[in-house]
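Each protein sequence line maps, in turn, to chains H and F. In short: position in the first sequence from 1, add 4, done, that's our numbering. In short: position in the second sequence from 1, add 144, done, that's our numbering. Even glycine gets a Cβ: it sits at the ideal position worked out from N, Cα and C. Treat the numbers as computed from the prediction; the structure is a model and nothing was measured. Written out below as structure tokens is the structure these notes cover.
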Amino acid sequence: MRWLRVAGAALVPNGVLAASSDLASEVTRAPLNLSAIAMFLLFVAATLSISFWASRRTRTSGQFYNAGGNITGLQNGAAIAGDFMSAASFLGVTGLMFIGGFDGLIFGIGAFAGWPLLLFLFAERIRNLGRYTFTDVVSMRLDGDRTRAIAVISTIIVVMLYLIAQMVGAGKLIELLFGLPYHVAVIVVSVLVIVYVAFGGMLATTWVQIIKAVLLLSGATLIAFLILLQQGFDLGRVIEQSVAAHGKGEAALRAGSMISDPVQVACILVSMMFGTLGLPHILMRLFTVPTMTEARRSAFYASVFVGYFYLLMVIIGFAAAGVLASDTRFFTASGGLVGGSNMTAIHMAQAVGGDLLMGFISAVAFATILAVVAGLTVSGAAAISHDLYAQVLCKGKPDPARELLLTRLTTLVLGLLAIALGIVFQHQNIAFIATMPMVVAASVNFPVLLLSLYWPGMTTRGAVVGAIVGLVSSVALTVIGPQVWVDILGFERALFPYNYPALFTMPLALTVIWLVSLGDHSARAQIDRDNYHRQLIQSEFGARMP
Amino acid sequence: VAIPEELQHIIARRNRRRLLFAGIVLAFYASFLLQYIGLVDFFAGGSSLLGRSTLYFCLLIVGFVVLEYLYLRARRREDGEDRLRKDLP
């Protein structure tokens with residue numbers, strides 16, 4: 005049974021690329037894929053033209069951060085989906101389903117379920133309160149300097165970890181798909197992103213993400229359509245073939261085929277859902293629309309696109325076993341999938357659509373990485389130039405030209421840093437780096453944001469102490485968990501048994517914020533509480549009270 | 145800062161709805177875990193071609209999108225309320 009010999013985990017989905025043994029280890033470089041490169045060059049030409057167009061409309065730092073606030077709800081929803089649906093979502097989920105069947109979908113539901121909560125709890129209020137970053141929101145009624153400082157640290161940690169995971173994953177993946185050397189791939193990704201972001205800011209990033217979302221959804225739709233077409237649109241036959249070919253048989257259709265511990269599943273579900281709600285580059289997109297009505301629409305359309313994407317994954321993921329098993333081209337002599345399980349979707353494209361579709365899907369995977377890295381770079385640049393420089397150092401009164409210059413310089417530095425980190429971490433097992441941003445976002449950003457919006461009693465001291473506890477505990481538990489303690493440090497047994505500790509660290513952060521705020525009787529605490537009603541009115545009606 | 149009573153009612157109503165919809169999502173999201181606990185036989189059985197677990201996954205996605213649509217519709221009916229901002233002190 006070749007299925008039992010398919011090795012390794014897959015990409016960690018949800019935008020965090022590459023925690024796999026497949027990508028963390030050496031990959032076999034593919035022969036130069038000319039059709040994929042040609043299609044990718046087309047994408048690059050189109051997006052560079054957009055960047056040029058956008059650069060003429062990005063004259064101020066405000067336009068850089070939020071695209072002038074003129075994006076429509078539908079456009080923003082597509083851009084959010086494009087920012088969120090990474091190569092890891094596409095390649096990782098199909099790879100996980102190929103290996104473990106139904107359990108691959110845990111990451112799918114985890115990645116999706118945050119969107120309804122974003123609409124119900126956050127979209128309107130965040131849009132009405134903030135200008136450019138989620139830090140604007142959490143610092144509104146609290147002591148700006150202290151809360152901004154901690155929010156900037158958290159943002160930078162999330163962005164940098166996310167970036168490392170993306171860059172290492174990008175290098176390995178592009179080496180695999182296009183036959184380009186790792187270093188060249190990392191440099192190409194970074195240079196393109198620097199050009200998009202430095203010149204076109206959020207406007208160019210938005211359109212890169214929209215185009216990528218359309219391409220990704222089109223590609224996945226086409227693969228699913230061709231799978232069904234080959235079987236006369238009989239989904240039953242598709243599933244029957246897969247069950248027959250899959251090493252796990254019918255068990256592949258049921259829960260527990262790969263992960264049987266319910267606490268581990270709960271850890272993943274909590275990290276994915278609440279991590280999504282705390283991702284700074286996703287929250288930042290809510291400020292690119294003109295009204296809170298458009299912000300609501302943004303969240304809804306993002307849900308529709310992401311939900312549709314995961315429904316396609318059900319067809320593609322389950323069909324993979326049946327489609328690929330009968331074709332020896334896709335397997336190595338030892339029975340493993342050529343290129344590892346992350347190549348499942350690419351092989352599926354070749355199996356049902358030939359070299360042309362495979363080239364298209366490979367180009368989409370590359371475009372996907374660019375769009376996600378561009379979103380991260382804008383968010384990181386805004387944290388430094390807006391939150392830290394303009395608001396903390398210049399007390400909200402920066403020189404506009406200097407701020408814009410700093411924003412572009414930060415973009416350049418982040419791009420260069422991404423190249424350096426991508427090369428430094430090339431041979432490392434980056435599984436924990438891929439996990440940590442979601443856990444940190446769920447344990448630091450989400451609790452502070454939720455309570456600042458919905459609990460009048462939260463004080464600056466409570467927010468800062470809770471955020472620090474959330475940050476330290478999430479990093480510490482990840483380090484003593486299996487991914488670092490056992491897989492990297494080589495200990496026999498992990499001190500903490502779960503890989504996604506947000507199930508424990510998020511409630512801990514919420515509790516600490518609550519307890520410290522209750523015990524805070526300082527003069528600043530009274531101001532924080534008194535400010536709540538002003539903030540509430542503005543968050544609901546968009547109007548400032550005197 | 146005193147908030148006019150009418151606005152307080154509006155905010156309270158909106159918050160109740162937000163919590164209701166968020167609670168529904170969280171409850172159904174948590175129910176996904178039931179299949180791993182083994183206390184519920186529902187997910188193991190069935191002769192459907194996709195298996196009940198997978199059907200439930202699809203149902204959750206479609207259901208959440210429908211919930212969002214209902215929420216949007218409910219909020220759209222209230223758009224006029226935002227004009228009340230002129231009544232702010």
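Close beta carbons around residue i, own chain, < 8 angstroms, minus the five adjacent residues each side
i: H:G253; result: V247
i: H:Y136; result: G66, Y69, N70, M288, F291, A386, H390
i: H:E128; result: M296, A299, R300, S543, E544
Residue nearest to residue i in terms of C-alpha spacing, selected from the options
i: H:V428; options: H:D359, H:M171, H:F370; result: H:M171
i: H:I243; options: H:R406, H:I388, H:G357, H:A323; result: H:A323
i: H:S194; options: H:F182, H:W211, H:L167, H:S53; result: H:L167
i: H:S53; options: H:I130, H:T76, H:V199, H:P441; result: H:V199
i: H:I272; options: H:F56, H:T509, H:G546; result: H:T509
i: H:R528; options: H:F291, H:M462, H:G204; result: H:M462
i: H:G358; options: H:E128, H:A371, H:I231, H:T292; result: H:I231
i: H:S543; options: H:L122, H:M352, H:G112, H:R131; result: H:R131
i: H:I160; options: H:I178, H:I191, H:A50, H:A386; result: H:A386
i: H:T295; options: H:L78, H:I41, H:M206; result: H:L78
i: H:L221; options: H:F309, H:A202, H:I191; result: H:F309
i: H:A82; options: H:L133, H:A91, H:A49, H:I214; result: H:I214
i: H:Y305; options: H:S526, H:F138, H:F88; result: H:F88
i: H:L514; options: H:L226, H:R129, H:L453; result: H:L453
i: H:L374; options: H:V190, H:V97, H:S330, H:A127; result: H:V190
i: H:Y458; options: H:A353, H:L540, H:G326; result: H:L540
i: H:Q432; options: H:A471, H:G384, H:Q487, H:V274; result: H:Q487
i: H:G260; options: F:I147, F:Y180, F:L204; result: F:Y180
i: H:V212; options: H:A58, H:M43, H:E496; result: H:A58
i: H:T51; options: H:F182, H:A378, H:A224, H:G114; result: H:A378
i: H:F334; options: H:I320, H:M317, H:M352, H:G321; result: H:M352
i: H:I286; options: H:L123, H:G108, H:W518; result: H:L123
Residue i, enclosing alpha helix (DSSP H) - first and last residue
i: H:C398; result: Unbroken run through H:C398: none, as it is neither H nor E.
i: H:G77; result: 77-88
i: H:K176; result: 148-182
i: H:P266; result: 266-280
i: F:E150; result: 149-175
i: H:N132; result: 128-133
i: H:Q432; result: That residue, H:Q432, is in no alpha helix (DSSP H); it is neither H nor E in DSSP.
i: H:H390; result: Counting along the chain, H:H390 falls outside any alpha helix (DSSP H), and DSSP gives it neither H nor E.
i: H:S194; result: 186-234
i: F:R219; result: 196-220
i: H:M43; result: 38-59
i: H:V327; result: 296-329
i: H:A248; result: 239-249
i: F:Y180; result: 178-181
i: H:L457; result: 450-458
i: H:M462; result: Neither: H:M462 is in no alpha helix (DSSP H) and is coded neither H nor E.
Neighbour list for residue i in chain F, Cβ cutoff strictly below 7 angstroms
i: H:P451; result: Near H:P451 there are no residues of chain F at all, since even the closest Cβ is about 15 angstroms away, more than 7 angstroms.
i: H:V308; result: V209
Within chain H, the residues that residue i reaches when beta carbons sit closer than 8 angstroms
i: F:R158; result: E544
Neighbourhood of residue i by C-beta, 7 angstroms cutoff - its chain only, sequence neighbours within 5 removed
i: H:N535; result: R145
i: H:V269; result: I110, I263
i: H:T464; result: L146, D147, R150, T151, R528, D532
i: H:V516; result: V469, G470, V473
i: F:F165; result: L211, Y215
Contact set between residue i and chain H, taken where Cβ atoms lie within less than 9 angstroms
i: F:A166; result: P120, L121, F124, L125
9 angstroms Cβ cut-off: residues of chain F touching residue i
i: H:L109; result: S197, T198, F201
i: H:R289; result: Simply none; closest approach about 17 angstroms.
i: H:F203; result: By Cβ distance, chain F contributes nothing, its closest Cβ being about 35 angstroms from H:F203, past 9 angstroms.
i: H:P185; result: Those within 9 angstroms of H:P185 in chain F number zero; the least Cβ separation is about 39 angstroms.
Cut-off 6 angstroms between Cβ atoms - residues of its own chain near residue i, not counting five sequence neighbours on either side
i: H:E30; result: Note that H:E30 scores 49 on pLDDT, short of 50, meaning its location in the model is unreliable; the coordinates nonetheless yield the value given after this. Excluding positions up to five away in sequence, the list is empty.
i: H:A11; result: In this predicted model, H:A11 has a pLDDT of only 34, less than 50, meaning its place in the structure is not dependable enough to derive any value.
i: H:G118; result: M277, T280, L281
i: F:L214; result: none
i: H:L27; result: Any reading at H:L27 is ruled out, since the residue's pLDDT is 46, under 50, leaving its predicted position unreliable.
i: H:G326; result: Q245, S246, A249
i: H:V274; result: A506, L507
Contacts that residue i makes with chain F (C-beta to C-beta distance below 8 angstroms)
i: H:A117; result: V169, Y173, L204, F208
**Asked** Taking Cβ-Cβ distances below 9 angstroms as the criterion, which residues of the region 204-222 of chain F are in contact with chain H?
**Response** Those residues of the region 204-222 of chain F that come within reach of chain H (Cβ to Cβ, closer than 9 angstroms) are L204, I205, V206, F208, V209, L211, E212, Y213, Y215, L216, R219, R220.
**Prompt:** Given a limit of 8 angstroms on CB to CB distance, which residues of the region 312-328 of chain H reach chain F?
**Reply:** Those residues of the region 312-328 of chain H that come within reach of chain F (Cβ to Cβ, closer than 8 angstroms) are Y314, L315, V318, F322.
**Prompt:** Got a sec: which bits of the region 270-285 of chain H sit with their beta carbon under 8 angstroms from any beta carbon on chain F, in order along the chain?
**Reply:** Result list: A270, L273, M277.
**Request:** Quick one: which residues of the region 505-539 of chain H get their C-beta closer than 8 angstroms to a C-beta of chain F? List them in chain order.
**Result:** Listed by position, the residues of the region 505-539 of chain H near chain F (Cβ gap below 8 angstroms) are D534, H537, R538.
**Message:** At a CB distance below 9 angstroms, what residues from the region 134-147 of chain H approach chain F? Give them in sequence order.
**Reply:** For the region 134-147 of chain H, which is checked against every Cβ of chain F, not one residue is closer than 9 angstroms.
**Prompt:** According to a CB-to-CB cut-off of less than 7 angstroms, which residues of the region 79-111 of chain H neighbour chain F?
**Reply:** So the close ones are F106, L109.
**Message:** Give me the subset of the region 224-243 of chain H whose CB atoms are less than 7 angstroms from a CB atom of chain F, sorted by chain position.
**Reply:** Answer in chain order: L239, G240, I243.
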